[in-house]
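Heads up: the sequence shown is residues 160 to 631, going by my numbering. Quick reminder that beta carbons are idealized off the backbone N, C-alpha and C, glycines included. Here the structure is a predicted model, which is why all the values come from computation and not from measurement.
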Amino acid sequence: MSIGMLIDHQPETGLSSESARYSEENLQQLASEKKSRKKWLLIQPVSNTSMMVDSGSVSMPLNLIMVATLASELFDVSFIDERIGDKVPQNLSEYDVVAITSRTLNASKAYAFGDTALAQGKTVILGGVHPTMMHDEAREHCTSIVYGEIESVWTELATDILLGKMKPVYRAQTLKPMTSMTHPNFGLALKSKKAKKYSSRIPILATKGCPVGCNFCTTPTIYGKNYRYREIDLVLDEMRYHQERLGKEKVFLSFMDDNISFRPKYFMELLEEMAKLGIRWNANISMNFLHKPEVAELAGKSGCDLMSIGFESLNPEILKTVHKGSNKLGNYEKVVSNLHENGVAVQGYFMFGFDDESEESFQMTYDFIMKNKIEFPVFSLVTPFPGTPYFDEMKPRLRHFDWNKYDTYHYMFEPTKMPGEKLLENFVKLQKEVYKGRSITQRMKGKPFNWVWLANYMMHRFTKKLTPEIYL
Ligand code: B12
Ligand code: SF4
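Rendered as structure tokens:
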């Protein structure tokens, strides 16, 4: 469906002038009339954080790859990913449009690139979660902002670029169904000489959105309670495409979905089909029905080697405040053992710094991780992200608004039941304990020697140097 079809039209005269202007046919015609193709530079900035966020091998940026996929149909596109060491040129004279993606932790970098490009008279487009949430702030650094996903505003945006008449914000009235979305084209991202630095896990999307509605999450704020999914055949086609492209069956895929298991029926059908392909995969997943042994069994059979699960906390009081209905403490151990029995490793996310935080929360987390042999525990500090209801609630108590520190590894506010120093002291101690040599051996004993061991080794080296001060 094109944007033109979403705008009210006048029955007597057919399409309104606005509607006709933003139709796919009109866009194609307009593009073919242009003598030379405009040149785009796409930028993925690296963040300024000192934490292990953009270091090591990074995943291919599916967000900017989607922008590249659409833009390259009509324009000449260059792709720069600062995280792998590509350099952004100071002189932008060969480009007409500079399009930058940004999350909160790299917003200051994205804004600096935007300012440089504006000063050189370029059309600057900012997109991604941070400009979407903070459009008034972001507008100072660009010509236009894309609110949310590019696919739903593409016809309008591309037409305006071809006509040279930009609006300050592009926001879709209705989201496009996923069925009509183009397959991502990885060619531009892989062209870089440094592309070897990308993780071998290929990003893929089956679903978008999450109706759960946690107040600290940006997804429901941007996309509401929508949940969209692609036809299973389209997802499998994309998997087969990567198998052919790489000339082997065993390719590694990483789902970028917000909540891939939200519709259990869809998820189980997808896994059943994936089991026939011989691929390997991992995903972020909520615990909603992982306590059922048949789910873990099918996940294992379909090639899942790692599930990333947000356990968040072992403290029942905190779990109540997180409003994550899928997290039932009584199911935690069962979820982990089901996955382990089927050869699936667990990356467990744990958050600290909530108002109800206590010394016991740290001990309970340590005991849980060690007893259940969580292969890859990840610890973060509660971070209210701008634009979310939680941010508005916590704003008066936030210690800073330096976006470089919004990486979930900085101390944002003092919990009501624990002094800040104690929080950080315990936070550091827990990480050192979990990643000391003896603990790693205990957690990883008998596990296949693969990248998870390597990740543990890197965390061992990293946590050795940790001090409470680095989180300030
Ligand atoms: C998968 C995922 C991950 C993966 C992969 C990340 C990666 N490198 O891509 C992993 C697990 C590694 C990860 C890590 C982290 N993540 Co994460 N992650 C996600 C998740 C669930 C999906 C992202 C995704 O790829 N979606 C699919 C793509 C296609 O959609 P998209 O990113 O929304 O892009 C579309 C639009 O935004 C728009 N768009 C984007 N860029 C541009 C640019 C232009 C010019 C235009 C026109 C349009 C446009 O069009 C795109 C195509 O539709 C999001 C939630 C979300 N829905 O955003 C959180 C999310 C991005 N993550 C978040 C966080 C906090 C983190 C970590 C800091 C967590 C941690 N402690 O480690 C790290 C930071 C990693 C980093 N360097 O950025 C936050 C960021 C909040 C914020 N305000 O910045 C989010 C939003 C979740 C949340 N809490 O709300 N993450
Ligand atoms: S369950 Fe996850 S994706 Fe869904 S709203 Fe909550 S934090 Fe966001």
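From this set, the options, which residue's C-alpha is nearest residue i's C-alpha?
| i | options | result |
| --- | --- | --- |
| E492 | H482, V505 and L221 | V505 |
| N486 | R439, G512, I444 and A458 | I444 |
| T626 | H569, M577 and A276 | H569 |
| E388 | T377, I528, P370 and S195 | The amino acid at residue 388 is misidentified as Glu; the sequence shows Tyr. Closest option to Y388, Cα to Cα, is P370. |
| K246 | V205, S231, D213 and T263 | V205 |
| L127 | S191, P555, S261 and K407 | Since the first residue of the chain shown is 160 and the last is 631, residue 127 is not available in this structure. |
| P536 | S598, T378 and P452 | S598 |
| A331 | I304, K352 and Y357 | I304 |
| E296 | T333, N609 and P327 | P327 |
| K483 | F375, Y525, K576 and I243 | F375 |
| M292 | Y525, L557, V394 and W562 | W562 |
| K576 | F513, P607 and Y630 | F513 |
| I284 | L200, L322, M219 and K350 | L200 |
| S640 | V394, T302, C463 and E453 | No statement about residue 640 is possible, as the shown extent of the chain runs from 160 to 631 and does not include it. |
| A278 | M225, L251 and R422 | L251 |
| G383 | S420, N207 and Y306 | Y306 |
| D392 | D416, C373 and Y425 | Y425 |
| C301 | A266, S311 and E308 | A266 |
| L631 | A190, S191 and M210 | M210 |
| T228 | G280, M603 and I309 | I309 |
| M415 | P379, A365, D464 and N207 | A365 |
| V481 | G372, H294 and K281 | G372 |
Is DSSP giving residue i helix, strand or coil here?
| i | result |
| --- | --- |
| L223 | helix |
| L478 | helix |
| Y565 | coil |
| K715 | Lying outside 160 to 631, the shown extent of the chain, residue 715 is not represented and no answer is given. |
| D167 | Unreliable positioning characterises D167 in this predicted model, as indicated by a pLDDT of 32, which lies under 50. The coordinate reading is nonetheless provided below. In the structure shown, D167 sits in coil (DSSP, three-state: anything other than H, G, I, E or B). |
| Y630 | helix |
| L349 | helix |
| F608 | coil |
| F513 | coil |
| A442 | strand |
| S485 | coil |
| Q279 | coil |
| L613 | helix |
| A504 | strand |
| W529 | Note that residue 529 corresponds to Met in the displayed sequence, not to Trp. Three-state result, M529: helix. |
| T341 | coil |
| G469 | strand |
| T228 | helix |
| G286 | strand |
| S161 | For S161, the predicted structure reports a pLDDT of 33, less than 50, and the residue's modelled location is therefore unreliable. A value from the coordinates is still provided. Looking at S161 - three-state DSSP - the assignment turns out to be coil, as it is neither helix nor strand. |
| S598 | helix |
| V394 | helix |
| S237 | strand |
| P379 | helix |
| T172 | In this predicted model, T172 has a pLDDT of only 35, less than 50, meaning its place in the structure is not dependable; the value taken from the coordinates is given anyway. It is coil, neither helix nor strand. |
| R558 | coil |
| D464 | strand |
Taking 8 Å as the cut-off, decide whether the C-beta atoms of residue i and residue j are in contact.
| i | j | result |
| --- | --- | --- |
| Q203 | D235 | no |
| R360 | N418 | no |
| L457 | M427 | yes |
| N501 | G459 | yes |
| N490 | H450 | yes |
| R556 | F572 | yes |
| S218 | S351 | no |
| S214 | K356 | no |
| K588 | T622 | no |
| A269 | V226 | no |
Cutting at 7 Å between CB atoms, please list the residues of its own chain near residue i, excluding the five before and the five after it.
| i | result |
| --- | --- |
| M337 | K367, R387, Y388 and R389 |
| Y565 | T263, L264, T542 and F544 |
| E408 | Q402 and G437 |
| K197 | F234, D255, V256 and I320 |
| N447 | S420 and S485 |
| A317 | L186 and L233 |
| A614 | F535 |
Might you give, ordered along the chain, the residues of its own chain that have their beta carbon closer than 8 Å to the beta carbon of residue i, omitting 5 neighbours on each side?
| i | result |
| --- | --- |
| K581 | E518 |
| A354 | I243 and A348 |
| M398 | I363, V410, L412, M433, L436 and I438 |
Who are the near neighbours of residue i in its chain, counting only those whose CB is closer than 6 Å to its CB and skipping five residues on each side?
| i | result |
| --- | --- |
| M618 | Y594 |
| S237 | L200 |
| V611 | A504, E534 and F535 |
| E476 | D515 |
| N497 | P452 and A455 |
Between residue i and the ligand PLP, is the CB less than 7 Å from at least one heavy atom?
| i | result |
| --- | --- |
| N486 | As for the ligand PLP, it is missing from this structure, which binds only the ligand B12 and the ligand SF4. |
With a cut-off of 8 Å, do at least 3 Cβ pairs link the stretch 469 to 487 to the stretch 424 to 435? Taking a contact to require three or more Cβ pairs closer than 8 Å, the stretch 469 to 487 and the stretch 424 to 435 do not qualify as touching.
Could you tell me whether the stretch 513 to 530 touches the stretch 341 to 348, using the rule of 3 or more Cβ pairs below 8 Å? No: the two stretches stay apart, fewer than three of their Cβ pairs being nearer than 8 Å.
Within 8 Å, do at least three Cβ pairs link the stretch 275 to 294 to the stretch 542 to 549? Because the criterion of three Cβ pairs below 8 Å is met, the stretch 542 to 549 and the stretch 275 to 294 touch.
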